[in-house]
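S.K.:
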Amino acid sequence: ILPIEVVESELQQNLKDVFQLSKFRSLQLKAINLSMSGKDLFLVMPTGRGKSLCYQLPAVCSEGFTLVVTPLVSLMEDQLMYLKSIDVEAVSLNASSSKEHAKMVLAGMTDTKSLFKLLYVTPEKIAKSKLLMSRLEKAYNAGRLSRIAVDEVHCCSQWGHDFRPDYKLLGILKRQFPKVPLLGLTATATSSVLKDCQKILCVPEPVTLTASFNRTNLYYEVLLKDSNSVDSISDISALIKERYKDQSGIVYVFSQKDAETVSADLQKKGINAYPYHANMNPEDKSRVHRKWANNKIQVVVATVAFGMGIDKPDVRFVIHHTISKSIENYYQESGRAGRDDKPADCIVYFGFNDIFRISTMVVMENVGQQKLLTMVDYCQNVDRCRRSVIAVHFDEVWDNEGCNKMCDVCRRGNDYITVDITQHAKDVVQIVELVTEAWMGKGPAKRRKMIQTTTLSRLEVEAIITSLLLQGYLSEDFSFTPYTTYFYLKLGRKAPMLKNQSHSITMKRRRTGLEANTVSTTQQTVQKSFRKSVQTKARKPLLSEIHHPGMSYLFCLSHFICLFLLLHF
Numbered sequence: 001i002l003p004i005e006v007v008e009s010e011l012q013q014n015l016k017d018v019f020q021l022s023k024f025r026s027l028q029l030k031a032i033n034l035s036m037s038g039k040d041l042f043l044v045m046p047t048g049r050g051k052s053l054c055y056q057l058p059a060v061c062s063e064g065f066t067l068v069v070t071p072l073v074s075l076m077e078d079q080l081m082y083l084k085s086i087d088v089e090a091v092s093l094n095a096s097s098s099k100e101h102a103k104m105v106l107a108g109m110t111d112t113k114s115l116f117k118l119l120y121v122t123p124e125k126i127a128k129s130k131l132l133m134s135r136l137e138k139a140y141n142a143g144r145l146s147r148i149a150v151d152e153v154h155c156c157s158q159w160g161h162d163f164r165p166d167y168k169l170l171g172i173l174k175r176q177f178p179k180v181p182l183l184g185l186t187a188t189a190t191s192s193v194l195k196d197c198q199k200i201l202c203v204p205e206p207v208t209l210t211a212s213f214n215r216t217n218l219y220y221e222v223l224l225k226d227s228n229s230v231d232s233i234s235d236i237s238a239l240i241k242e243r244y245k246d247q248s249g250i251v252y253v254f255s256q257k258d259a260e261t262v263s264a265d266l267q268k269k270g271i272n273a274y275p276y277h278a279n280m281n282p283e284d285k286s287r288v289h290r291k292w293a294n295n296k297i298q299v300v301v302a303t304v305a306f307g308m309g310i311d312k313p314d315v316r317f318v319i320h321h322t323i324s325k326s327i328e329n330y331y332q333e334s335g336r337a338g339r340d341d342k343p344a345d346c347i348v349y350f351g352f353n354d355i356f357r358i359s360t361m362v363v364m365e366n367v368g369q370q371k372l373l374t375m376v377d378y379c380q381n382v383d384r385c386r387r388s389v390i391a392v393h394f395d396e397v398w399d400n401e402g403c404n405k406m407c408d409v410c411r412r413g414n415d416y417i418t419v420d421i422t423q424h425a426k427d428v429v430q431i432v433e434l435v436t437e438a439w440m441g442k443g444p445a446k447r448r449k450m451i452q453t454t455t456l457s458r459l460e461v462e463a464i465i466t467s468l469l470l471q472g473y474l475s476e477d478f479s480f481t482p483y484t485t486y487f488y489l490k491l492g493r494k495a496p497m498l499k500n501q502s503h504s505i506t507m508k509r510r511r512t513g514l515e516a517n518t519v520s521t522t523q524q525t526v527q528k529s530f531r532k533s534v535q536t537k538a539r540k541p542l543l544s545e546i547h548h549p550g551m552s553y554l555f556c557l558s559h560f561i562c563l564f565l566l567l568h569f
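Structure (structure tokens):
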């Protein structure tokens with residue numbers, strides 16, 4: 001091992017000459033020195049703060065090559081495009097690699113004349129390719145395997161937000177190549193997830209470096225949306241045209257179908273937008289990625305397949321058409337914005353239906369429902385700094401002064417009140433009990449006459465139901481069929497407390513009303529037409545609504561609650 005002064009001198013020179021950077025960011029030099037001195041290291045650093053440099057620069061300064069395990073082909077392509085642009089030799093092996101390409105890479109791993117400095121592989125390749133592991137063994141014995149980097153290391157843990165089964169098999173790397181230093185990198189791992197990753201990767205005592213999660217140039221905002229998808233598309237297109245004209249951005253959506261339809265709708269409104277999702281063929285995905293990276297496409301409308309490691313510096317906005325399934329996912333996805341340290345916006349459109357759509361997707365995940373409700377709480381929140389919510393989630397001590405009014409909550413200040421929703425809660429709980437009885441064929445036939453109706457708007461009703469769900473007065477239940485998963489609301493563990501006359505429930509809301517946050521220009525029209533349709537539907541017997549054969553998971557118990565509460569408005 002060279003003296004640290006010599007190493008740092010070479011690092012500084014290559015930083016300027018090869019990577020064309022003038023200085024290191026926080027923790028980069030420390031992480032690089034530790035890795036080059038042979039230490040195993042876990043690095044937790046915010047998205048866009050230069051984690052990749054912590055293995056790319058040592059690779060340039062070392063003999064042999066660095067093995068980089070990365071979860072997504074899109075991440076590989078992004079890294080390879082960047083490295084090619086600065087004349088650093090790098091190669092990859094994945095499921096779409098041709099036989100000729102794979103043969104060339106495998107031969108180069110043990111060839112002292114080979115020029116590539118980084119080899120990118122997927123965890124599936126490590127798990128399934130005996131030939132690759134055999135060549136890695138030969139490279140290790142020949143002293144050519146200089147370093148192992150496991151990107152998005154949180155994918156190892158089943159408690160992480162992006163668990164990948166093949167990541168759990170990566171412990172073979174340290175068992176088979178014990179003298180090679182391992183570097184695990186992530187932007188989104190709690191302390192418990194990191195401990196799990198250490199066990200899985202067979203790295204008992206790594207050095208752990210953790211940077212602040214705060215990205216000071218990002219502005220965080222939540223906007224409410226109604227259930228009318230046409231209106232939300234109109235809002236997003238207007239926002240892009242007015243605020244982000246000719247600026248690069250991403251719109252994240254829930255499903256592959258949404259990626260296709262939302263991108264098509266934005267195109268109809270004159271926005272240069274294209275879809276990106278896992279079911280597209282590799283050539284189309286690569287083409288969209290390249291065109292967007294070269295500013296020939298303004299907006300990529302994407303699922304989470306377009307996520308980890310995407311490194312375009314001038315992304316000015318990341319809009320979530322539907323909320324993320326967890327705070328970790330949201331932090332990762334929104335972190336695509338503002339990597340050039342210039343101001344950028346991270347906007348979430350939050351709708352009541354989002355909860356049910358995503359719940360059916362995460363129900364089988366470990367703590368999936370808990371993570372989703374934490375994200376819902378982030379969106380429903382009106383009194384806590386959004387940065388504070390994120391920082392506390394990642395075990396970071398936070399001072400609200402650090403936000404500098406770079407979120408909508410801090411910018412609004414104390415523009416909220418605490419309201420008593422006890423009676424509303426009792427009404428909702430009564431509805432759940434009555435509808436449950438009706439479902440089982442019990443009780444009187446004319447249920448709606450027993451319900452105290454309200455003059456609240458639909459948005460207020462939905463906010464109250466969401467608050468009761470978050471506070472534990474309501475809880476989720478699921479029904480599984482061979483074709484789909486149905487979401488239902490049932491009484492939560494705290495529901496019996498409402499029988500106590502002295503018990504009260506509160507909810508925080510904006511002073512100007514819950515509708516103040518919505519940007520829909522057609523909100524009042526939508527509400528009026530909804531009430532009219534509700535009153536018409538209410539003439540039908542309740543049980544015919546409940547047993548409707550075409551009922552999807554969105555027409556579940558929560559919608560019956562809205563039906564009852566809005567019935568005579």
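To convert, note that position 171 of the sequence shown is 171 in the UniProt record's numbering; the numbers rise steadily by one, no gaps.
From the three backbone atoms N, C-alpha and C, an ideal C-beta is built for every residue, glycine too.
#1: Going by beta-carbon coordinates alone, are Val150 and Val69 separated by less than 7 Å?
#2: Cβ of Asn14 within 7 Å of Cβ of Cys54?
#3: Just how far apart, CA to CA, sit Ser114 and Asp246?
#4: Considering only DSSP beta bridges, list what Pro184 is partnered with.
#5: Taking the beta carbon of Leu224 as the centre, do at least 16 other beta carbons fall within 10 Å, making it buried, or is it exposed?
#6: In terms of alpha-carbon separation, which member of Ile355, Thr360 and Asn414 lies closest to Val382?
#7: Is the number of C-beta pairs between the stretch 307-324 and the stretch 235-242 that are closer than 8 Å three or more?
#8: With a threshold of 16 other CB atoms inside 10 Å of the CB of Ser502, please say whether the residue is buried or exposed.
#9: Just confirm the distance between the C-beta atoms of Ser26 and Ala211, as a whole number of angstroms; I'd bet it's less than 8 Å.
#10: Would you call the CB atoms of Ile421 and Met507 closer than 7 Å?
#11: Which residues bound the beta strand (DSSP E) around Glu221?
#12: If Lys125 sits next to Leu93, beta carbons under 8 Å apart, how far is it from one beta carbon to the other, in whole angstroms?
#13: Thinking C-alpha only, which one of Val461, Leu119, Val88 and Gly368 is nearest Ala102?
#14: Should Gly338 be labelled buried (16 or more other beta-carbon atoms within 10 Å of its own) or exposed?
#15: Within the continuous beta strand (DSSP E) that includes Pro275, where are the two ends?
#16: Looking at the structure shown, is Leu72 part of a helix, part of a strand, or coil, going by DSSP?
#17: Does Phe19 come out as helix, strand or coil in the three-state DSSP assignment?
#18: Using CA atoms only, rank isn't needed, just tell me which of Gln267, Lys128 and His277 is closest to Gln256.
#19: If you count every other CB in all the chains shown that lies within 10 Å of the CB of Gly108, and 16 or more means buried, which is it?
#20: Just the Cα atoms here: how many angstroms apart are Ala425 and Gly472?
#21: Where Lys16 and Ile148 are concerned, what is the direct C-alpha to C-alpha distance, given to the nearest angstrom?
#22: Starting from the Cα of Thr112, find the closest Cα among Asp87, Ala127, Lys138 and Val121 and give me that residue.
#23: Bridge partners for Lys508 per DSSP, in chain order?
#24: Rounded to whole angstroms, what is the Cα-Cα separation between Leu183 and Ile32?
#25: Does DSSP classify Leu542 as helix, strand or coil?
#26: Among Val207, Ala495, Glu205 and Arg135, which residue has its Cα nearest to the Cα of Gln176?
#27: CA-CA distance, Gln198 and Ser234?
#28: What residue does the beta strand (DSSP E) around Glu124 start on, and which one ends it?
#29: For the candidate residues Ser467, Ser457, Arg493 and Asp408, whose alpha-carbon lies nearest to that of Asp226?
#30: Please work out which residues of its chain come closer than 8 Å, Cβ to Cβ, to Ala90, disregarding the five sequence neighbours upstream and downstream, and give them in chain order.
#31: Just mark Gly38 as buried or exposed, buried being the case when its beta carbon has 16 or more other beta carbons within 10 Å.
#32: Identify whether Val315 lies in helix, strand or coil by the three-state DSSP scheme.
#33: Leu372 lies in the alpha helix (DSSP H); which residues open and close that run?
M.R.: Put simply:
#1: yes
#2: no
#3: 42 Å
#4: It is worth fixing the name first, because residue 184 is Gly in this sequence and not Pro. According to DSSP, which records beta bridges pairwise, Gly184 is partnered with Phe42 and Val150.
#5: Leu224 should be labelled buried.
#6: Asn414
#7: yes
#8: Exposed, because fewer than 16 other Cβ atoms sit within 10 Å of the Cβ of Ser502.
#9: The Cβ separation is near 6 Å, so the contact holds.
#10: yes
#11: Leu218 to Leu224
#12: 5 Å
#13: Leu119
#14: buried
#15: Ala273 to Tyr276
#16: coil
#17: coil
#18: Ranking Gln267, Lys128 and His277 by CA distance to the CA of Gln256 puts His277 first.
#19: buried
#20: 11 Å
#21: One C-alpha to the other measures close to 24 Å.
#22: Lys138
#23: Thr418
#24: Separation of Leu183 and Ile32 (C-alpha to C-alpha, rounded to the nearest whole angstrom) is 10 Å.
#25: Low confidence applies here, because Leu542 scores a pLDDT of 36, under 50, leaving its location unreliable and the question unanswered by this model.
#26: Arg135
#27: Cα to Cα, the separation comes out at about 46 Å.
#28: Premise fails: Glu124 lies in the alpha helix (DSSP H), Pro123 to Lys128, not in any beta strand (DSSP E).
#29: Nearest C-alpha to Asp226: Ser457.
#30: Cβ within range, chain order: Gln79, Leu80, Leu83, Lys84, Phe116, Lys117, Leu118, Leu119 and Tyr120.
#31: In this structure Gly38 is exposed. Its beta-carbon is surrounded by fewer than 16 other beta-carbon atoms within 10 angstroms.
#32: strand
#33: Gly368 to Gln380
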